[in-house]
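Q:
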Amino acid sequence: MSDLFGQSARELVERLRYHSGPYAKYALEARKKYVEIRLKQDKKIKSMYIRIIKNIAKEVRGLAANGDSEMKIRHLVELEKAVAQEIASLNGEVDEATAEFIAEAVEAGLSYSQGVTYKLLDEAGIDKAPMIRRFHKVNVRAAEAVYARTINGLSTSDRIWRNSQKAGTSIRTIIQEGIVMGKDVREVARSLEKYAQNGKQTLARDYPNMMKRLGNRIPQDVSYEALRLARTEMTAAFGEGTIQSVRVSPSSKGIQWVLSPSHPVVDICDTFANADHGLGRGVYPVGEEPMFPPHPNCLCSLLPVHEDPDDFVDKLKEWRENPQSQPQIEEWYKEVYKAA
Ligand SMILES: [Zn+2]
């Protein structure tokens with residue numbers, strides 16, 4: 084969690100505050116929403132994994148009901164149905180939750196430029212209702228696009244499915260080891276619960292032999308890959324919301340790549356944050372921003388860049404008097420505002 088609340092997270096907030104200037108309120112609110120979604124998402128997905136493994140552990144414990152408490156091969160067949168069912172329901176739940184978090188993150192990413200646009204239109208006395216409709220459409224479309232995107236040929240749901248299957252493999256591996264070592268079913272059930280709750284390390288303390296045998300066949304944390312996937316998708320969704328909102332905002336000039344301060348080694352993010360496109364360091368013209376995030380666990384942030392509020396309200400007022408005096412706003416009016 085230190086990446087959300089530690090020193091470098093505070094520094095990132097300061098960078099966002101500095102670069103957003105008169106719009107800091109919107110930038111910091113959007114960042115706060117991002118952090119809240121991340122926390123909620125981590126907790127929810129982790130708890131889904133723990134719950135289904137507890138259910139399987141309960142089935143394992145139930146095997147002792149007929150008096151034989153040692154794990155046997157025939158138990159595998161009995162348990163397989165429960166394992167397959169629990170993994171299928173885990174997959175469905177994680178998939179649904181990921182889609183929800185993507186939608187929420189797009190909305191959070193949009194919120195900065197949305198807030199700025201509403202404020203500026205209000206101040207200039209222009210009806211914002213068409214923009215409310217427009218932002219809603221952008222929101223829905225961006226969430227669908229992020230969910231549908233493929234990485235290495237796999238869609239979001241393919242990648243979630245793959246992680247669910249890996250969890251199934253780890254669970255089966257622990258059960259099989261129980262059989263090989265002739266363990267008591269209650270002990271195997273406990274191993275599963277400990278693994279789900281606290282990871283492989285805690286198993287190592289209680290069952291050193293079992294751990295030696297398991298080696299690298301099960302991951303340290305059964306939900307790690309699922310959490311990482313959800314975070315990456317959520318960050319991409321936040322970025323996509325930011326990018327799409329800038330495209331429909333009349334006052335936007337570009338998007339700034341704000342480098343995360345927790346960067347132990349120079350990577351592609353430094354390149355993106357330092358690129359010069361004539362709008363200032365790391366600021367990209369609308370439509371020319373790089374793919375975001377460029378790598379999993381990237382903590383950089385995309386920040387909309389808008390014209391100064393006072394100047395822009397003046398421009399809006401001038402445009403209302405004489406549309407030809409502000410050709411860019413007139414273009415936005417025809418293509419975005421009126422078309423909404
Ligand atoms: Zn980064």
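For the sequence shown, position 65 (counting from the first letter as 1) is numbered 148 according to the working numbering, and the numbering increases by one without interruption. Each residue gets a CB set at the ideal place from its N, CA and C atoms; glycine is no exception. These numbers were taken from a predicted model, which means no experiment stands behind them.
#1: Using alpha carbons as the reference points, say which of A188, P333, G365 lies closest to E119.
#2: At which residues does the alpha helix (DSSP H) containing Y367 begin and terminate?
#3: Ordered along the chain, which non-local residues of its own chain (more than five positions away) have a Cβ less than 8 Å from that of K129?
#4: Got a sec? Which residues, its chain only, sit under 6 Å from M293 by beta carbon, not counting five neighbours each side?
#5: Can the beta-carbon of A225 be found less than 7 Å from the beta-carbon of E97?
#6: Just grab the DSSP bridge partners of W340 for me.
#7: Taking the alpha-carbon positions, what's the V268 to R144 distance?
#8: Spatial neighbours of S205 within its chain, please: C-beta separation below 8 Å, excluding the five flanking residues on both sides.
#9: Is the number of C-beta pairs between the stretch 366–386 and the stretch 137–153 that are closer than 8 Å three or more?
#10: Let me know if K277 comes out buried or exposed under the rule of 16 or more other beta-carbons within 10 Å of its beta-carbon.
#11: Is the beta carbon of S152 within less than 6 Å of some heavy atom of ligand 1?
#12: In three-state DSSP terms, what is E142?
#13: For the stretch 315–322 against the stretch 173–187, do three or more pairs of beta-carbon atoms, one drawn from each stretch, fall closer than 8 Å, so that the two count as touching?
#14: How big is the Cα-Cα spacing for G298 and T256?
#15: CA-CA distance, A165 and Y132?
A: To lay it out plainly:
#1: A188
#2: Run containing Y367: none in the alpha helix (DSSP H); it sits in the beta strand (DSSP E), 366–368.
#3: S306, L310
#4: E260
#5: no
#6: L385
#7: 6 Å
#8: It is worth fixing the name first, because residue 205 is Asp in this sequence and not Ser. These residues qualify, in order along the chain: K211.
#9: no
#10: buried
#11: no
#12: helix
#13: yes
#14: 11 Å
#15: 15 Å
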